[in-house]
Structure formats: C-alpha cells, structure tokens
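Protein chains in written order, with our numbering: chain A, 799 to 1258; chain B, 93 to 441; chain C, 1435 to 1518. In this text, a Cβ means the ideal position worked out from N, Cα and C, and glycines have one as well.
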Amino acid sequence: MTKLQYERPVLQLLNSGAMNKYGTRTEYTPYSHIEGVSVHGLTEKYGSPLFVISERQIRQNFKDANRSFKTRYPKVQFAWSYKTNYLNAVCNVFHQEGSWAEVVSGFEYDKALNNGVPGSKIIFNGPDKTEEELRTAVLNNSPIHIDHLDELYSLQEIAEELNLRPKVAIRVNMDTGIYPMWDRFGFNYENGQAWDAINKIMLNDKLDLIGLHCHIGTYMLAPNAYSIAAAKLSDLAINIKYKYKKNIQYIDMGGGFASKNTLKGSYLLGVDTVPTIDQFAEAICTSILNAGFLEEELPLLILETGRALIDDAGFLLGSVISNKRLSDGRRAVIMDFGVNIMFTSFWYDHKITPAQEFSEFTEDMVLYGPLCMNIDVIREHVTLPLLKKGDQVVVHTVGAYNMTQWMQFIALRPAVVMIDLKGVAHVIRKRETIKSIENEEILPDYLKSFSLNGVEKRTA
Amino acid sequence: MKKTDITIAVTGLNAIDSPGPGISVIRALRESSYYNPRIIGLSYDTMEPGIYMHDLVDKTYQIPFPSAGVDNLLHRIREINKKEKLDVIIPNFDAELFNFIKLEQRLSEDLNIKMFLPSLNQFEERQKSNLFAFGKKYKVKVPKNKTLFSLSEIPLIENDFTFPLVVKGKYYDAKIAYSREQIAQHFEKISVRWGLPIIIQEYIFGSEVNVTAIGDGTGRTVGAVPMRKQYITDKGKAWSGISLDDDKLLKITHDIIKATKWKGSLELEFIKTSNEEYYLLEINPRFPAWIYLAVGCGQNHPDALLKMALGRKVKSFSKHETGKMFIRYSYDMIVNLKEFEKISTLGEL
Amino acid sequence: MKIKQNIAISDSGFIFNPTTGDSFSTNPIGQEIIKLLHNSKTEDEIRSFILETYQISRDHFEKDYYDFINVLKKYKLLEENEKD
Ligand SMILES: Cc1ncc(COP(=O)(O)O)c(C=O)c1O
C-alpha cells in the first residue's frame, strides 16, 4: 500500500475578524515555474537562495513603456537608471532595447562605459561627482546634470582648463503636491534658485545648457504630480527661449513610477492600485504638449524609469530552514534569505508563494530571515500553506534595488541567473565565495600567528 | 402582474451596532415592484448577522477580504456564479469598492453580471484625502484638511489647525483629538486598521445632516432624501433619524450629482452651521445603512439602482415624505452551531 | 494524554469546546490525531498509526506531534489532570 501524503497537523481558532481561507488564494497557488523553468531545478543547479531575472519580462516592460510614451509624444528617449539594477546583463538588455545610461557615481559611470555606452549617451546625475570624474565626463561629451552651485563653479573651471564647452542640464526640485518634497537635490523652482542657476550658466557662457532635469521621488502613486513637474520644467524652458533665444534640447523627467509592489501599511494590493505607465505618460506628455512650445521646437523627452521596468522581472527563490512556534503561540518560519539580500522588505509586503503543491490548509505566520538580528523580518504577517523544512518559496517583484542594495553581511550573496527568451538560464552573477570577499583584505604580518590554550594556530 | 425572477448578490451583511447597509438594501429589494429577487449574501466574516437571516438572505458565500486583491475576488465570484448565475451585484462597503470597480467591465462582459457603480475617477476624487480639492473643483464648502503619512508630520499641521480637530482613516473611523498626543494615539490606532494616509480635518460646529441619493451617470439625480440623525450611538452611528424638507440641501445634492455626473448611490454627510452654511464632510460612494428610510419616504433607491444596472430607464422621484423617522433596534437571533460550522468550514451557508 | 470527552469533532474538521465556547478548524491529520486521542490511544499507538499511514519520518512527526499537543493544551482541549 502506498502511504498518504503527510502534512503537519494544525488547529486554528475560529475567531471573528481572522482572514477567511477564501482570502488568500494567490498566496497558496503554487508558483512552480518561472518562464517555463522549474524552480526546484533552478535551486538544485544554482543553490538556494537564488535571484532569477526574466529577460522576456524586461523587454516586455520596456516595449510597453516605450509605446505608452511614443504614441503620445514625438520624441522620447529612455535612459536606464543604473542604480536600480546594474548587473551588466540587465543593463545590456536595456541598451539592446535602445536605452541610454543614467548614472549617479563614478563607479556607475565606468560601468556604463565598460558596457560600451558612448559617452554622449551617459547621463551623469547625482550630488557626488569628483573633479576627476567631471573631467572624464566632459572629455566624453556626456550630459552632466548639475546638482548644486559648487558643482556649477567646478564645471566652469574645468571648462576653462580643458577649453571645452561641457553639455549640462540642471536638476530642479519643486512642489508637486507630494510630501515629503525631495528638495535636497538640485535647485528649487518656487523660490527662484533654479532660474538663478540658469541665469548664471547662460551669462557665464562657458557651459552649454542643453536640458532640464527633475526626479520628484520614487514609488510615486500620483500621475498628477508629474503633470505639475512637467509644466514647471516646460515653463523654465519657454522662459529660456524667451530671454536667451535658446532652445532647450531635452526635458528629463527622471524616474519614480511605482512598480506593482504593495507598500507596507497599504490596505489594497499594489498590483491593483498603482497607476499604469499609460497614466503617467498621459500626465507628462499632455503637460508638455500644452505648455506652448512651437511644434518644431518640442524638446526631447527623457525618462530615467527604474523600478517600474525591472521590479516584476525579478524573483527570489528560497528555502525553509525551520519552522517554530514563538512564545505567544504564533507560527514562525525561518527562510534562508533575509533583509541582507532583500532590502526592499523594509518597505514592501512582498508577495510570496510556495513553489510546490499544498493542501488548502494555511497558517498565519511571521517569515524571518537567517540572520542573527532582530530586524531580519521578511513578512511580519502572512498567510501561507503549512511550510516545512526544505520547502521552497518564490518572492515576487524583487528586480529593483535588491541586487544593488544587498549587503554582504553574515552570509555571502547568492547567484543571479537570467532566463533568456528561449527559456535557457544563464548565470549572470556567480554566487560569492569567501575569496570574493577576502580578496580585498590585507592581514598585517604581525597578526598572522597566535596560539590558543597552548595549541598552535592551524596552518592551511 | 407576475414579477421577474432575478438573482442579486449583496455585501454588507454586518447588521451590528455599527451596521453595514446590506440588510437594509435587501429589504428594499424585496419590495421591488417589478422583480422577485433571489438574494445571495457575500460575507467576509462568519459572524455577519445577515448570513443567518434566512428570511432575507437565501444563501451566503464567504468572499476574500479586499486586501487579497482583485484576482482573488474575481476567482471567487466565478465559483459562486457557476452555482448561482448572478444577474447583479450590489457592493456596499467602501473598502471593497475599489476592487469591484476594477472588475466592473470584466464581470459585465465575461459573466454578464451587472453593477451600477461610480467610475474609478469619481470614486477617487471624493476620497477623504482628496475631498478638499473636490470642494474647490465643484465649489462646495469643505472643512480644511490635510493628509499625514507619518507621525513625524504632526507638528507640521499645528499652524493650520486649532484644537479640537478630527482624525480620520482612509476608509472608516473618525475620532476627535484635543491635543497633539491624542492625534498620535488616533493615528496609530486608525493606521493599523486601515492603512495610510491619515486625514486631519478642521472641526466645524453645527448639526450633522445627511442625504442619500442616486445619480444615473448623466448628471441627473434619480432620487434624494435628506435626514438628520436624532440619536447617535457611542460609535457615532445613527440610532434614529428623521427625513427633512430642506430645499437648500437638496439643491447642493443635485448640483454635486450634476457636476460630477455621479453614477450609482451615494451618501453625502454635511455639517449645517448656526448661520445655515453647509460643509461637506464626506461622500460615501454607496448606500448608507439607513437607506430603508428612503423607502419609507416613498423612494426605493435600491430598486431604482437595480433597474439601472440592468439597463432599464427609470424616472426621477419627484418627492419624498418628510417627518418620517427610522428607529433602529437590535434583535437576538438563535443560531445553531451547525450553521456556524458550515459557513466556517465550507465557506457557504 | 486524553482529549476532553465533551469536545465535539465533525467530519469537516470543525471542533467545538463546550466548556469554553471556542470553535476551531483542523486539517485531516489533526482530525485523525484528535480522534485517536478521543479513543484513549497512547502516544506510541498514535505514532505508529501515523507512521504506517503517512509518508513521514519518525523524527519529523514527533516534532510536529509535540507542537500540536501544545496547541491543544493552550486551547484547553486536553484533560486537566493528565500528566505528560
Ligand atoms: C536621478 C534619478 N533618476 C532615476 C531614478 C530611478 O527611479 P525609479 O526606480 O523610482 O524609477 C532615481 C532613483 O532614485 C534617481 O535618483
């Protein structure tokens, strides 16, 4: 006789207000394959935890976003925001789709150059650019987005020294009805700083002002904020035309469109509530088209969209290390991945689904990561099937900011694979080894020997 | 005349001390002059009294909480529809409406289940956090308000508001705060339950008057009945109320429905000040729990809404009886454990 | 270990404790164990029955079993005077 499938015995108090079991179907519908590739097969081959990226989803997202804007506005250019996910394979998918690069440090700048992006197609943003980096960017003819006056003055000196006319834009911050306002970056619109900076650039004439830039925030839920921002940048551009007879070549609206994650504390799901790219595109394009530009002088519209293009293309596969009961009776499940590699669990309630079949019985639980730290919580509250040691789960929508903000803390970082359009998995970043970390360490000679309780140090 | 058979699913069966509108809506539907409804209850909690009121509700199914998302809800409705062949759904909770509005087209086209709901835009525009802008746009007086996303923003509002003020949740709950500490307390309690943002609203002195109304989506008001609460429970809910003859209030209502082209039912809550000014406090995009008073005054709004959902023309109600009262009462039903077991384990009863 | 005799358990996995007024739901394995406890089976008997019937190792089941017994205790479904 074959034995029956086992499942842990559970007993649930039926109290009023508890989630009924008709409530969480997707969370226990197994997600066993990603782009046709088996989750168990992937972890068997590349280890657990494992990040998986769907190339198809990236290209789909890009094409959809591109279409949303291009059907509404004649000149559109995307620039891949490196900080969101700068694994070279990911960047190159975007570059193949036609994206420029948007970088905020010398490190990211070099990454874009190494990927073969021409200097003139690398937008250099951010408050921290060293003189050396600025010089390189000027020599490469890259558009430099000025964040503050000190940078403006440095650039004017560099221009003089190199006898070149750097291409610049200024970053503008403004009130779009969204709080908190990101007024620490760039020059403020309402109090006249932005116009002041423009005058300084135009009158000094050492820099070539080609664009205007803003980035009003990240995970933005209000398309209307973008129409306000686009109207304010357009207003500056039109005033420049009026005062200096100069056409601004581009308006760069930055990134910030919300991805389909659910923010902690929000009652409804992100997949249902976040605005579509079409809504953002409509807000921005209508605003620029109605601003009063002559048709032949409409500026190029640049978008530095990050999370909305990559988040749902990323998955994290992981396994259950153990389950236990907390002192208050709650079920706790410990996973082999934690906040060290899933930084975004600090602000999202990520959707998590099991990777194998289960019965309809579920439990409320806390999901912990493996770190010896109290903050290592993946979900404070989630209803999942009865997970046991070795069971696998898929965390969804983790493509943005995790593979760049992850920490090498306590454990090594896992491998990342990309599944190509034919369903073939490629390792795009190897699992770290102790070598990858210790490579940069130097142990002074005098610290090399010791003995413990009279026993000499081991020799390797 | 023989009435037409029809199957209608209704939510909001929580006829408790802070009641949902479901049971009142069902009573109104049962008095339809044209239809003979089979009523399918849709419940979230196993303790919703309507589940056990078999003379009003023919059969009840549990449905997923709104926080489980649109896909889960659709899946469950498909299952229910297979057994029940639903014609119309009348959702009655603020928190579930977003999901139902998202599903409106699919339910209509794929399953031929009709609803009569405001558009997403109408729904969003009157959200508590957007109400101030709504007032500006449609020229209605609205108390000053501000949305807060974190406790640290509390000091920022002190220049704009004086105590007491009202602290409100995104969907439900409103509490009065007399000090900064109380704002923080209410903020925490309300946000745990209903999420962010929290809305801070100026406190206006006066008496509360409400209107229940329906719009046909072109700007026409199909019906409207004003009411003043006479007795309020400690949860701020009406225990009894009386229908009013207030032309100014009806005019404001008609203007709002005309300007917004409101589609479906709505409840408007106003404060009337001592010098006869009306401040709009809230627009609830659904029937109020006291909707049966409108029926008692000669306007059966749920019946009219049902007809419009099915694409029939309805005439506007031209009058309502004033001075009619409703007095709410509670009632202890005797329920067999077997029934509770069924709804708890099988999800239907 | 013995389950209180006045506890009612139905085929749907619904459990009612008339002493406290609480009701619970359990999965088929939980139901099986509670029935065995109800019929005064010993821990050894329960274990061998489960190990014979289901695909599970002894260690693994033991961990789950003690956890389950603790939950039953917490909800006061076991006879009070029992020593374990
Ligand atoms: C200047 C700039 N552009 C673009 C982005 C990408 O933003 P998102 O991922 O929200 O689209 C960021 C991220 O903060 C940024 O700082």
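Give the interface partners of C:G1447 over in chain B, defined as CB-CB distance under 7 angstroms, in chain order. The residue you call residue 1447 of chain C lines up with position 13 of the third sequence. What C:G1447 touches in chain B: T437.
CB of A:R1105 to nearest heavy atom of ligand 1: below 6 angstroms? Position 307 of the first sequence, counted from the first residue, corresponds to residue 1105 of chain A. Yes; taking the cut-off as 6 angstroms, the Cβ of A:R1105 has a heavy atom of ligand 1 nearer than that.
Output yes if chain A places a C-beta closer than 7 angstroms to the C-beta of B:F253; else output no. For this step, residue 253 of chain B is matched to residue 161 along the second sequence. Not one chain A Cβ lies under 7 angstroms of B:F253.
Do A:K1062 and A:D1147 count as a contact pair if the criterion is CB distance below 7 angstroms? As a position in the first sequence, residue 1147 of chain A is number 349, starting the count at 1. As a position in the first sequence, residue 1062 of chain A is number 264, starting the count at 1. Closer than 7 angstroms, so yes.
So, at 7 angstroms on beta carbons, what are the nonlocal neighbours of A:K1122 in its own chain, with the 5 sequence-adjacent residues on each side left out? Position 324 of the first sequence holds residue 1122 of chain A. Closer than 7 angstroms at the Cβ level, and outside the excluded window around A:K1122, lie A1130.
For A:T1016 and A:S1032, I'd like the C-alpha separation in whole angstroms. The sequence position of residue 1016 of chain A within the first sequence is 218, counting from 1. The sequence position of residue 1032 of chain A within the first sequence is 234, counting from 1. So the alpha carbons of these two residues sit roughly 21 angstroms apart.
Cβ-Cβ separation, A:P1183 to A:F1144 (assumed contact under 8 angstroms), whole Å: To locate residue 1144 of chain A, count along the first sequence from 1; it is residue 346. To locate residue 1183 of chain A, count along the first sequence from 1; it is residue 385. In fact, because the Cβ distance is near 25 angstroms, the residues do not count as touching under 8 angstroms.
What's the C-alpha gap between A:I1232 and A:E1238? Within the first sequence, residue 1232 of chain A is the residue found at index 434, counting from 1. Within the first sequence, residue 1238 of chain A is the residue found at index 440, counting from 1. Their backbone Cα atoms lie some 11 angstroms apart in a straight line.
So, helix, strand or coil for C:F1450, using DSSP? Working through the third sequence from its first residue, we reach residue 1450 of chain C at position 16. If DSSP states are grouped into helix, strand and coil, C:F1450 belongs with the strands.
Consider the Cβ of A:S1064: report whether some Cβ of chain F lies at a distance smaller than 7 angstroms. Protein chains A, B and C are contained in the structure displayed, whereas chain F is not.
Taking DSSP's pairing of strands, which residues face B:M319 in a bridge? Looking up residue 319 of chain B in the second sequence gives position 227. Its beta-bridge partners are B:N302 and B:S335.
Kindly indicate if chain A contains any beta-carbon less than 7 angstroms away from that of C:Q1489. What you label residue 1489 of chain C is simply residue 55 of the third sequence in a count that begins at 1. Interface residue, yes.
Nearest by alpha-carbon distance to B:N302: which of B:Q293, B:S332 and B:I275 is it? Position 210 of the second sequence holds residue 302 of chain B. Among B:Q293, B:S332 and B:I275, the Cα nearest to that of B:N302 is on B:S332.
With distance defined between alpha-carbon atoms, name the residue in A:G896, A:G1197, A:I920 and A:L1096 nearest to A:N939. Numbered from 1 along the first sequence, position 141 holds the residue referred to as residue 939 of chain A. Among A:G896, A:G1197, A:I920 and A:L1096, the Cα nearest to that of A:N939 is on A:I920.
Per DSSP, which one or two residues make a beta bridge with A:V1196? Walking along the first sequence from the start, residue 1196 of chain A turns up at place 398. According to DSSP, which records beta bridges pairwise, A:V1196 is partnered with nothing at all.
Please list the partners that B:F432 has in chain C, where partner means a Cβ-to-Cβ separation under 8 angstroms. Within the second sequence, the letter at position 340 stands for residue 432 of chain B. Simply S1457.
Determine the extent of the beta strand (DSSP E) in which A:G1011 is found, giving its start and end residues. Along the first sequence, read from residue 1 onward, the residue named residue 1011 of chain A stands at position 213. Sequence check: residue 1011 of chain A is His here, not Gly. Where A:H1011 is concerned, the enclosing beta strand (DSSP E) stretches over D1006 to H1011.
Can we count A:T1016 as close to ligand 1, meaning its CB is less than 6 angstroms from some heavy atom? Position 218 of the first sequence, counted from the start, is the residue given in the question as residue 1016 of chain A. Yes; taking the cut-off as 6 angstroms, the Cβ of A:T1016 has a heavy atom of ligand 1 nearer than that.
Contact under 7 angstroms by Cβ, B:L288 with B:A269: Here residue 288 of chain B refers to the residue found at position 196 of the second sequence. Here residue 269 of chain B refers to the residue found at position 177 of the second sequence. Their beta carbons are not under 7 angstroms apart, which means B:L288 does not touch B:A269 by this criterion.
Along the chain, which unbroken stretches of the beta strand (DSSP E) at least 3 residues long are found entirely within the segment 904-972 of chain A? 920-922, 942-944 and 965-971
C-alpha gap between A:R933 and A:H1011, whole angstroms: On the first sequence, residue 933 of chain A is found 135 positions in, with the first residue counted as 1. On the first sequence, residue 1011 of chain A is found 213 positions in, with the first residue counted as 1. The alpha-carbon atoms of A:R933 and A:H1011 are separated by roughly 21 angstroms.
Test item: CB-CB of C:S1444 and A:L812 under 7 angstroms: By 1-based counting over the third sequence, the position of residue 1444 of chain C is 10. By 1-based counting over the first sequence, the position of residue 812 of chain A is 14. Against a cut-off of 7 angstroms, the Cβ pair of A:L812 and C:S1444 comes out as no contact.
Simplified DSSP assignment, three categories, for B:R130: Translated into the one-based positions of the second sequence, residue 130 of chain B becomes position 38. DSSP places B:R130 in strand when its eight states are reduced to three.
If contacts are defined as beta-carbon pairs under 8 angstroms, then A:I1139 and A:N1059 qualify, I think. What distance do you get, rounded to the angstrom? Here residue 1139 of chain A refers to the residue found at position 341 of the first sequence. Here residue 1059 of chain A refers to the residue found at position 261 of the first sequence. Their Cβ separation, rounded to whole angstroms, is 16 angstroms, which puts A:I1139 and A:N1059 out of contact at 8 angstroms.
Given this structure, state the Cα-to-Cα distance separating B:E300 from B:Y370, to the nearest angstrom. Here residue 300 of chain B refers to the residue found at position 208 of the second sequence. Here residue 370 of chain B refers to the residue found at position 278 of the second sequence. Cα to Cα, the separation comes out at about 9 angstroms.
Would you call the CB atoms of A:E906 and A:A877 closer than 7 angstroms? As a first step, residue 906 of chain A is located in the first sequence; it is residue number 108 there, counting from the start. As a first step, residue 877 of chain A is located in the first sequence; it is residue number 79 there, counting from the start. Their beta carbons are not under 7 angstroms apart, which means A:E906 does not touch A:A877 by this criterion.
Buried versus exposed call for B:R285 [16 or more other C-beta atoms within 10 Å across all chains shown]: As a position in the second sequence, residue 285 of chain B is number 193, starting the count at 1. It is exposed - the Cβ of B:R285 has fewer than 16 other Cβ atoms within 10 Å.
Run the CB neighbour count on A:L802, radius 10 Å, all protein chains shown included, and call it buried at 16 or more, exposed below. Counting from 1 along the first sequence, the entry for residue 802 of chain A is found at position 4. It is exposed - the Cβ of A:L802 has fewer than 16 other Cβ atoms within 10 Å.
Whole angstroms is fine: what's the gap from C:I1503's alpha carbon to A:G839's? Locating residue 1503 of chain C in the third sequence gives position 69, where the first residue counts as 1. Locating residue 839 of chain A in the first sequence gives position 41, where the first residue counts as 1. Rounded to whole angstroms, the gap between the alpha carbons of C:I1503 and A:G839 is 36 angstroms.
With burial defined as no fewer than 16 other Cβ atoms inside 10 Å of the residue's Cβ, what is the status of B:R378: buried or exposed? As a working mapping, residue 378 of chain B is identified with position 286 in the second sequence. Label assigned to B:R378: buried.
Listing by chain order, which chain C residues have their CB less than 9 angstroms from the CB of B:L134? Here residue 134 of chain B refers to the residue found at position 42 of the second sequence. What B:L134 touches in chain C: nothing, since even the nearest Cβ is about 21 angstroms away.
Would you say A:G1104 and A:G1053 are within 7 angstroms of each other, going by their C-beta atoms? Locating residue 1104 of chain A in the first sequence gives position 306, counting from the first residue. Locating residue 1053 of chain A in the first sequence gives position 255, counting from the first residue. Yes, they are a contact pair.
Please confirm if A:Y804 has its CB atom under 7 angstroms from at least one CB of chain C. Looking up residue 804 of chain A in the first sequence gives position 6. True, the Cβ-Cβ gap to chain C drops below 7 angstroms.
What's the call for B:H412, buried or exposed, on a 16-neighbour Cβ count within 10 Å? Taking the first residue of the second sequence as position 1, residue 412 of chain B is located at position 320. B:H412 should be labelled buried.
Would C:A1442 be called buried (16 or more neighbouring beta carbons within 10 Å of its own) or exposed? If you number the third sequence from 1, residue 1442 of chain C lands on position 8. Exposed is the call here.
Beta strand (DSSP E) containing A:N1121: first to last residue? The count along the first sequence starts at 1 and reaches residue 1121 of chain A at position 323. Segment G1112 to R1123, the beta strand (DSSP E) holding A:N1121.
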